[in-house]
Amino acid sequence: MPPRSAPTVRQQRLGAELRRLRERAGLSSTEAGALLGADQARISNIEAGRIGISPARLRTLACNYDCADEALVNALCMMASERGRHWWEEYRGILPTALLDLAEFEHHAVRLRTAQTSHVPGLLQTVDHARVVFQQGVPPLPPHEVEHRLSLRLKRQAVFHGNEPTLYTAVVHEAALHMQFGGEAVARAQLEHIIEMSERDNITVLVIPFRAGAFPGAGQSFGFAEGAVPQLDTVQLDASHGSVLLYAEAQLEKYRKLLARLEAIASGPESSRDLIHKVARKL
3 MPPRSAPTVR QQRLGAELRR LRERAGLSST EAGALLGADQ ARISNIEAGR
53 IGISPARLRT LACNYDCADE ALVNALCMMA SERGRHWWEE YRGILPTALL
103 DLAEFEHHAV RLRTAQTSHV PGLLQTVDHA RVVFQQGVPP LPPHEVEHRL
153 SLRLKRQAVF HGNEPTLYTA VVHEAALHMQ FGGEAVARAQ LEHIIEMSER
203 DNITVLVIPF RAGAFPGAGQ SFGFAEGAVP QLDTVQLDAS HGSVLLYAEA
253 QLEKYRKLLA RLEAIASGPE SSRDLIHKVA RKL
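The sequence shown stops at residue 285 when you use the numbering used here, and every number in between is there.
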């Protein structure tokens, strides 16, 4: 099978984790290939996500790399055994790859967390609110692309449904609740939707009130997807040119601590719902 021309973010992540294990073992790609009965080019392609690896061969590599973390190896084997196309592939070539990457890592996450200062989290946005957000692009997006992005965003919300809905915690600053995207009626419906979603067992919405004053990470929006093991967690940063994904150990630990601080500063679930109700009643 020829190498993949455009590996997905999950395929790239699997390769990156294997490269990390190899480097910790102090082996070159040539040495790793010799242990596996392959050449250096094959190891390089595996680590770049351009070709796959079977779970059995992955376990052999992990053994050669002296990796005794069974939970991590099992999680990597699960990634290696994944086959078939997922729903977001229908948008490939239509929408930016970064948006598909976002859908992919959300789909596979064990738990999702986010912190937003001036926007309602995408997974909690209504159709009308999201459409207005997409219409504010610079330069303006053509109507058909707005609808494609809207369709993708709504399908991403499927993580909240099904037999095993994903756990989700959103920390939202009160400022985001006052943003009237689309006017009062759209804003009111959006706040009511957040309240309704926050009453689900798997969803927690925490609001940082204005009275909380200064807080860490002010002005920054990001998401945090927890993997099957902590080493496979991912941070997603919002940027004008698209999402940026981080997964270096130091970065993951930084954002874990930041989220813990934000969640501690925010009001509890019931108080947060009361505040959202209060803002909605003023519209």
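A virtual CB, placed ideally from N, CA and C, is assigned to each residue, including glycine.
For G17, the three-state secondary structure derived from DSSP is helix. The residues A27, in chain order, have a CB closer than 8 Å to that of D68 in the same chain once the five nearest residues on each side in sequence are set aside.
In this structure, T168 lies away from R115, with their beta-carbon atoms at least 8 Å apart. When the alpha-carbon of V129 is set against those of G86, G184, M81, the nearest one is in G184.
In this model, G270 and G225 are separated by some 20 Å (Cα to Cα). Inter-segment contact for the stretch 190–208 and the stretch 86–105 is absent: fewer than three beta-carbon pairs are separated by less than 8 Å. Here the C-alpha atom of A111 lies approximately 17 Å from the C-alpha atom of R87. Between the stretch 225–236 and the stretch 71–79 there are three or more inter-stretch CB-CB distances shorter than 8 Å, so the stretches are counted as touching. At least 8 Å separates the beta-carbon of L125 from that of R151.
For Q238, the enclosing beta strand (DSSP E) starts and ends at 236–239. For Q118, the enclosing beta strand (DSSP E) has its first and last residue at 113–118.
For the stretch 50–110, the continuous alpha helix (DSSP H) assignments of 4+ residues that do not extend past its boundaries occur at 57–66, 72–83, 99–110, in sequence order. Judged by their CB atoms, S56 and A82 are nearer to each other than the 8 Å cut-off.
With 16 or more other Cβ atoms inside 10 Å of its own Cβ, R15 counts as buried.
Within the same chain, and ignoring the five residues on either side of G17 in sequence, the residues whose Cβ sits closer than 7 Å to its Cβ are I48, E49, A50, G51. When secondary structure is reduced to three states using DSSP, F162 falls in the helix class.
Every alpha helix (DSSP H) stretch that sits fully inside the stretch 174–249 and reaches 4 residues is listed by chain position as 176–179, 186–200.
The three-state reading of DSSP puts T10 in coil, since its state is none of H, G, I, E or B.
Classified as exposed, Q138 has fewer than 16 neighbouring CB atoms from the shown chains inside 10 Å of its CB.
Around the beta-carbon of S274, 16 or more other beta-carbon atoms lie within 10 Å, marking it buried. Between the C-alpha atoms of E265 and V173 there is a straight-line separation of about 7 Å. By the 16-neighbour rule on beta-carbons within 10 angstroms, S223 is buried. Among the bridge pairs identified by DSSP, T171 is matched with R115, T206.
About 6 Å separates the beta carbon of P218 from that of L260, a gap short enough to meet the 8 Å contact definition.
Taken through DSSP and simplified to helix, strand or coil, G28 comes out as coil.
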